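**Q** Quick one: the structure is below, and I'll ask about it shortly.
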Amino acid sequence: IGHVDGTEAPKYFRLNQLEGETEFVTQDELDRSRRVKLISLRDQGVPEFKNYKMIPARERDIPANVFEAYEKRQRGEQAEEETEDELCAHRMAVTKFLNKVRAMPHQIISNQNTKLLVRKHFDSKRLYWIVLGFCPYC
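Numbering (this note's numbering), first residue to last: 10 to 147.
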């Protein structure tokens, strides 16, 4: 690149000069967006949002209380660590385990005439099958 109107143009291309033109929103606005938060939680596989197939294109179409169940569960996990009562702590640990098991994918195993609903469980190099019950759909 030579001289343009008596000034010397740079001999290299800087992307940073054009970067400001492509920024449509600040990082703070992006963090506060309910739509972006909903999309990221769905992609992370959070149980409350993993089955969302369609997310509204406009943020005003997303209800303000859509995150209440998720935040309540987060507060419950934090409160679980703070409980001093042994029975309540055990009860919360069992509930947390059952929620994890429900979130895992399941399989159906047919055993002669009985079909069982089971889940694979790996524990220290061994495979266990957790029997959840009879499969009502088979």
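Here a beta-carbon is modelled for each residue, glycine too, at the ideal position from N, C-alpha and C. Note that the coordinates shown come from a computational prediction; the quantities given were computed from them, not determined experimentally.
1. Suppose you measure from the CA of L27 to the CA of K46; what does that come to, to the nearest Å?
2. Whole-angstrom Cβ separation of I71 and R41, contact assumed at under 8 Å?
3. Measuring only the C-alpha atoms, how far is D52 from K59?
4. Quick one, which of V34, D37, M63 has its alpha-carbon nearest I48's?
5. Measuring CB to CB, does Y79 end up less than 7 Å from E95?
**A** Straight from the coordinates:
1. The alpha-carbon atoms of L27 and K46 are separated by roughly 28 Å.
2. Rounded, the Cβ-Cβ distance is 13 Å, inconsistent with contact.
3. CA-CA distance, D52 to K59, rounds to 7 Å.
4. Check the Cα spacing between I48 and each of V34, D37, M63: the tightest is with M63.
5. No, Cβ-Cβ distance for Y79 and E95 is not below 7 Å.
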